[in-house]
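Trainee: Take the sequence shown: its position 306, counted from the start at 1, is 1047 in my numbering, and no numbers get skipped.
The C-beta atom is built at its ideal place from N, Cα and C for all residues, glycine as well.
All values reported here derive from a predicted model rather than from experimental measurement.
Below you will find the structure I want to go over with you.
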Amino acid sequence: MSRAPWQREWQNAIRHPATLLERLGLDTALLGPARRADQLFELRVPEAFLERMEPGNAADPLLRQVLPVDAESDDTPGFANDPVGDHASLANGGVIHKYQGRALLIATGACAINCRYCFRRHFPYADANASSGQWAEALDYLRDDPSISEVILSGGDPLSLNDRRLRELSEGLVSIPHLRRIRVHSRMPVVLPSRIDESLIGWLTGTRLTPVMVIHANHAQELDMRVAESLQRLTRDGVRLYNQAVLLRGVNNDAQTLINLSERLFDIGVQPYYLHLLDRVRGAAHFEVNEGEARALMRALAAVTPGYMLPRLVREVAGEPWKVPIEWTAV
Ligand SMILES: *Cc1c(COP(=O)(O)O)cnc(C)c1O
Ligand code: SF4
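Here is the structure:
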């Protein structure tokens, strides 16, 4: 079977630190550390994402999200391999059912990009997800619990599955009468916008389930014209779009950067949804923004943006029935 353009682009993603540095005209002094940290979690950057980085700028906010650095081997107390306990709750064919009414399905462990701050960096998701077997066990779980009205496809990145696999899954989902919504958590529209093709849109909008997509962008510079066009095709066909961002030191821990992100998202039809405090995963401590700074940033953001553009500042806490809101109004 011939590959779709997005699949070729994914295959051709940059995998070598030397290539990344060379393409951006960056100092080869970065290469040693990048090679070392690449052993911990391999580098992967699609061309479409690289194109939005500023050549010669080692502090580029997009580059920082993907370039392996020495700080990743720091062992900081409190930073663990499975900070939100998802690995422990991974049962039932890849279904994580922590919140009432919504069940999250680890549809695949694969991603188009490897984000350095990701809790997936230590997760053996490759052997613990629904698609490695058939979908049957996950579908049985969903069918057996009538309180579940929304299924969330997550990962990894669920849109790294091909359309045939996605269709097999949705055929099972539509046959479960109590399901009303299908939500997709994906960074693909941002990092590999060619993924949003006719076939994918047809899949997402072609069932009785109401389609919702939560994308993941951390900085306005990630949202170029190609991304905007892909997202506009989704909204035109009735997909409700939200964004979750992670508050990351050196990437977006600055009021103006967060303002720009919210405004850019809104301009291209995406509702800012969550601003997550970093999950305390081993190897990502250098990205952490503490709660005090996060609250001050929210106040700065709230002072100048319409309320409907404000994301909710949250932290994921194992065992809590929702993402825990961080109170930020009091100084
Ligand atoms: C984040 C998350 C959800 C979705 O939560 P919302 O607040 O509805 O966005 C559902 N299940 C799990 C396990 C999650 O981590
Ligand atoms: S799961 Fe999301 S944050 Fe983690 S590497 Fe994949 S795209 Fe990046």
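Should Ile854 be listed as close to ligand 2, given that the test is whether its C-beta is under 7 Å from any heavy atom?
Mentor: In the sequence shown, the residue the question calls residue 854 occupies position 113. Yes, since a heavy atom of ligand 2 falls inside the 7 Å radius drawn around the Cβ of Ile854.
Trainee: Just to confirm the assignment, what range does the beta strand (DSSP E) spanning Thr951 have?
Mentor: For this step, residue 951 is matched to residue 210 along the sequence shown. Counting along the chain, the beta strand (DSSP E) containing Thr951 begins and ends at 951-957.
Trainee: With C-beta atoms as the reference, is Pro899 less than 8 Å away from Thr951?
Mentor: Taking the sequence shown and counting its residues from 1, one reaches residue 899 at position 158. Taking the sequence shown and counting its residues from 1, one reaches residue 951 at position 210. No, Cβ-Cβ distance for Pro899 and Thr951 is not below 8 Å.
Trainee: Let's see if you can read the secondary structure: which residues bound the beta strand (DSSP E) around Arg1056?
Mentor: One-based indexing of the sequence shown puts residue 1056 at position 315. That run of the beta strand (DSSP E) goes 1053-1056.
Trainee: For my contact list, Leu988 and Asn994 are in at a C-beta cut-off of 8 Å; report their separation, rounded to the angstrom.
Mentor: Stepping through the sequence shown from its first residue, residue 988 is reached at position 247. Stepping through the sequence shown from its first residue, residue 994 is reached at position 253. Between Asn994 and Leu988 the Cβ distance is about 6 Å, and since that is below 8 Å, they are a contact.
Trainee: Taking C-alpha atoms, which residue in Glu891, Ser888, Pro787 lies nearest to Arg936?
Mentor: On the sequence shown, residue 936 is found 195 positions in, with the first residue counted as 1. Among Glu891, Ser888, Pro787, the Cα nearest to that of Arg936 belongs to Pro787.
Trainee: Quick one: what does DSSP say His919 is sitting in, helix, strand or coil?
Mentor: Locating residue 919 in the sequence shown gives position 178, counting from the first residue. In this structure, His919 counts as coil in the three-state DSSP scheme.
Trainee: Anyone know if the C-beta pair for Arg922 and Glu891 falls short of 8 Å?
Mentor: Sequence index remark: in the sequence shown, residue 922 carries index 181 (1-based). Sequence index remark: in the sequence shown, residue 891 carries index 150 (1-based). Against a cut-off of 8 Å, the Cβ pair of Glu891 and Arg922 comes out as a contact.
Trainee: Between Gly835 and ligand 4, is there a pair consisting of the residue's CB and a ligand heavy atom that are separated by less than 7 Å?
Mentor: The model depicted lacks ligand 4 and carries ligand 1 and ligand 2 instead.
Trainee: Do Asn822 and His757 come within 8 Å of each other at the CB atom, strictly closer than that value?
Mentor: Looking up residue 757 in the sequence shown gives position 16. Looking up residue 822 in the sequence shown gives position 81. No, they are not a contact pair.
Trainee: Quick check: what's the CA-CA separation for Val1065 versus Asp978?
Mentor: For the purposes of this step, residue 1065 is taken as residue 324 along the sequence shown, with counting starting at 1. For the purposes of this step, residue 978 is taken as residue 237 along the sequence shown, with counting starting at 1. If I take the Cα positions, the gap works out to 32 Å.
Trainee: Using 8 Å as the threshold, is the C-beta distance between Pro930 and Ala986 below it?
Mentor: The residue labelled residue 930 in the question sits at position 189 within the sequence shown. The residue labelled residue 986 in the question sits at position 245 within the sequence shown. Note that the C-beta distance between Pro930 and Ala986 is not below 8 Å.
Trainee: Expressed to the nearest angstrom, what Euclidean distance is found between the alpha-carbon atoms of Asp868 and Leu784?
Mentor: For this step, residue 868 is matched to residue 127 along the sequence shown. For this step, residue 784 is matched to residue 43 along the sequence shown. At Asp868, the pLDDT of 47 sits below 50, so the modelled position is not reliable; the number obtained from the coordinates is stated separately. So the alpha carbons of these two residues sit roughly 20 Å apart.
Trainee: Starting from Tyr882, trace the alpha helix (DSSP H) in both directions and tell me its first and last residue.
Mentor: In the sequence shown, the residue the question calls residue 882 occupies position 141. Counting along the chain, the alpha helix (DSSP H) containing Tyr882 begins and ends at 877-884.
Trainee: Below 7 Å, is the gap between the Cβ of Tyr840 and the nearest heavy atom of ligand 1?
Mentor: Translated into positions along the sequence shown, residue 840 becomes position 99. Taking non-hydrogen atoms of ligand 1 into account, the C-beta of Tyr840 is found less than 7 Å away from one of them.
Trainee: Quick check on this structure: which residue in Val836, Asn798, Ile1009, Ser814 has the alpha carbon closest to the alpha carbon of Met966?
Mentor: Numbered from 1 along the sequence shown, position 225 holds the residue referred to as residue 966. That would be Ile1009, whose Cα lies nearest to the Cα of Met966.
Trainee: Can you look up Ser890 in the DSSP assignment and give me helix, strand or coil?
Mentor: Reading the sequence shown from its first residue, position 149 is the one you call residue 890. The answer is coil: DSSP assigns Ser890 none of H, G, I, E or B.
Trainee: Ala986 lies in the alpha helix (DSSP H); which residues open and close that run?
Mentor: On the sequence shown, position 245 is the one that residue 986 refers to. It is not in any alpha helix (DSSP H) - Ala986 instead sits in the beta strand (DSSP E) that spans 981-987.
Trainee: Starting from the C-beta of Leu1016, find all residues in its chain whose C-beta is less than 6 Å away, skip the five residues before and the five after it, and write them out in chain order.
Mentor: Numbered from 1 along the sequence shown, position 275 holds the residue referred to as residue 1016. Result list for Leu1016: Ala986, Leu988, Pro1052, Leu1054, in chain order.
Trainee: Hey, Pro809 and Ala775: beta-carbon distance below 8 Å or not?
Mentor: Here residue 809 is taken as the residue at index 68 of the sequence shown, counted from 1. Here residue 775 is taken as the residue at index 34 of the sequence shown, counted from 1. Cβ atoms of Pro809 and Ala775: closer than 8 Å.
Trainee: Does ligand 2 have a heavy atom nearer than 7 Å to the CB of Gly897?
Mentor: Within the sequence shown, residue 897 is the residue found at index 156, counting from 1. When distances are taken from the beta-carbon of Gly897 to the heavy atoms of ligand 2, the shortest one is below 7 Å.
Trainee: So does His863 have its beta carbon nearer than 7 Å to some heavy atom of ligand 2?
Mentor: Sequence index remark: in the sequence shown, residue 863 carries index 122 (1-based). No, Cβ of His863 sits at least 7 Å from all heavy atoms of ligand 2.
Trainee: Hey, how far is the Cα of Gly913 from the Cα of Met954?
Mentor: Within the sequence shown, numbered from 1, the residue matching residue 913 stands at position 172. Within the sequence shown, numbered from 1, the residue matching residue 954 stands at position 213. Spanning the two alpha carbons is a distance of roughly 19 Å.
Trainee: For a test of the three-state rule: what should DSSP assign to Arg928, helix, strand or coil?
Mentor: As a working mapping, residue 928 is identified with position 187 in the sequence shown. Of the three classes helix, strand and coil, the one that applies to Arg928 here is coil, per DSSP.
Trainee: Return the residue from the list Thr1070, Arg744, Ala1071, Glu1068 that minimises the CA-CA distance to Arg905.
Mentor: By 1-based counting over the sequence shown, the position of residue 905 is 164. Per the Cα distances, Arg744.
Trainee: Taking the C-alpha atoms as reference points, what is the distance between Pro1047 and Glu878?
Mentor: Start at 1 with the first residue of the sequence shown, and residue 1047 comes out as number 306. Start at 1 with the first residue of the sequence shown, and residue 878 comes out as number 137. Straight-line measurement puts the Cα of Glu878 at about 44 Å from the Cα of Pro1047.
Trainee: Please go through the region 767-843 and give each complete alpha helix (DSSP H) segment of 4 or more residues, from N-terminal end onward.
Mentor: 772-781, 788-791, 802-807, 827-830
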